[in-house]
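Taking it in order: structure first as structure tokens, then the write-up.
Chains as they are written, first to last, in this note's numbering: chain B, 45 to 301; chain P, 5 to 18.
Structure (structure tokens):
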């Protein structure tokens with residue numbers, strides 16, 4: 045059986061909020077190392093990969109592999125019934141029909157329990173090759189979100205160009221063009237504002253802003269975001285979570301102009 | 005969407 049207790053329901057609420065507009069029905073694959081999810085959007089352009097390691101829970105117990113097929117809109121409805129600070133316990137039997145979610149208020153005696161009916165989801169699983177990216181940009185997640193939002197007003201696509209000079213987000217649309225260039229930046233007083241660019245070779249790729257803006261819904265989960273690029277391969281946008289856990293988004297490039 | 009590649013050309017189904 046599965047029994048996983050999260051100190052704060054907020055984590056799962058935010059994760060589900062960040063991915064529910066991209067993917068609808070997902071298997072939460074549970075085993076003794078934690079809870080993993082991999083799902084592609086309907087058009088096979090973007091992929092979500094989440095890993096909540098067993099250390100993120102206390103306690104965590106999962107005796108055998110269990111796939112919990114859950115509709116994210118149903119899960120959202122139930123998670124709305126939890127306060128951010130509630131303790132969340134997820135329980136399921138070994139061959140379950142339902143998953144049980146229990147919310148406990150940390151400062152009162154309220155205890156809420158919900159069951160969600162599970163679905164049989166036949167999901168395509170993709171092998172993601174280990175990639176040494178040519179460029180990795182680490183920047184404040186709100187800054188990345190703002191750039192995506194601002195450029196979305198002008199164009200459907202953004203070109204991301206990394207050179208030793210910095211990283212340039214540029215777009216070209218009907219009303220005109222725009223570009224934001226960031227250089228490496230280190231702020232000792234305010235390390236959350238740091239911008240780090242690790243580059244082994246220059247990279248230039250074009251991506252859909254609609255998808256990038258969608259990924260940015262995860263901005264509330266981590267203060268910084270890693271944007272990993274190599275020419276001719278999908279982009280990786282990674283939000284690190286506590287206990288070595290993560291929420292990653294992969295996006296196929298567009299054919300440049 | 006115009007000019008959009010998919011992930012299937014990059015990642016293999018397992």
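All C-beta atoms, glycine included, are put in the ideal place defined by N, C-alpha and C.
So residue i and residue j are supposed to be a Cβ contact under 8 Å. How far apart are they, rounded?
i	j	result
residue 169 of chain B	residue 18 of chain P	5 Å
residue 46 of chain B	residue 134 of chain B	7 Å
residue 141 of chain B	residue 155 of chain B	Wrong, their Cβ atoms sit about 22 Å apart, outside the cutoff.
residue 97 of chain B	residue 287 of chain B	5 Å
residue 5 of chain B	residue 89 of chain B	Missing from the structure shown is residue 5 of chain B; chain B here goes from 45 to 301 and no further.
residue 223 of chain B	residue 213 of chain B	7 Å
residue 118 of chain B	residue 160 of chain B	5 Å
Classify residue i as helix, strand or coil using the three-state DSSP reduction.
i	result
residue 106 of chain B	strand
residue 220 of chain B	coil
residue 191 of chain B	helix
residue 125 of chain B	coil
residue 242 of chain B	strand
residue 259 of chain B	helix
residue 211 of chain B	strand
residue 18 of chain P	coil
residue 299 of chain B	coil
residue 312 of chain B	Here chain B has residues from 45 to 301 only, and residue 312 of chain B is not among them.
residue 135 of chain B	strand
residue 186 of chain B	helix
Would you please verify whether the beta carbon of residue i is less than 8 Å from any beta carbon of chain P?
i	result
residue 84 of chain B	yes
residue 111 of chain B	no
residue 197 of chain B	no
residue 294 of chain B	yes
residue 249 of chain B	no
residue 256 of chain B	no
residue 63 of chain B	no
residue 204 of chain B	no
residue 89 of chain B	yes
residue 297 of chain B	yes
residue 174 of chain B	no
residue 170 of chain B	yes
residue 252 of chain B	yes
Tell me whether residue i is buried or exposed, calling it buried when 16 or more other Cβ atoms sit within 10 Å of its Cβ.
i	result
residue 84 of chain B	buried
residue 95 of chain B	buried
residue 139 of chain B	exposed
residue 270 of chain B	buried
residue 189 of chain B	buried
residue 130 of chain B	buried
residue 180 of chain B	buried
residue 204 of chain B	buried
residue 241 of chain B	buried
residue 114 of chain B	buried
residue 82 of chain B	buried
residue 13 of chain P	exposed
residue 215 of chain B	buried
residue 219 of chain B	exposed
residue 16 of chain P	exposed
residue 106 of chain B	buried
residue 125 of chain B	exposed
residue 230 of chain B	exposed
residue 232 of chain B	exposed
Determine, using beta carbons only, whether residue i and residue j come nearer to each other than 8 Å.
i	j	result
residue 250 of chain B	residue 297 of chain B	yes
residue 281 of chain B	residue 293 of chain B	yes
residue 80 of chain B	residue 69 of chain B	no
residue 257 of chain B	residue 192 of chain B	yes
residue 99 of chain B	residue 178 of chain B	no
residue 285 of chain B	residue 266 of chain B	yes
residue 109 of chain B	residue 75 of chain B	yes
residue 263 of chain B	residue 236 of chain B	no
residue 291 of chain B	residue 59 of chain B	yes
residue 132 of chain B	residue 66 of chain B	no
residue 172 of chain B	residue 93 of chain B	yes
residue 64 of chain B	residue 145 of chain B	no
residue 248 of chain B	residue 127 of chain B	no
residue 206 of chain B	residue 243 of chain B	yes
residue 239 of chain B	residue 221 of chain B	no
residue 185 of chain B	residue 283 of chain B	yes
Item to check | Residues in the region 267-284 of chain B having any Cβ partner in chain D nearer than 8 Å | outcome: Of the chains in the structure shown, none is chain D; the protein chains are B and P.
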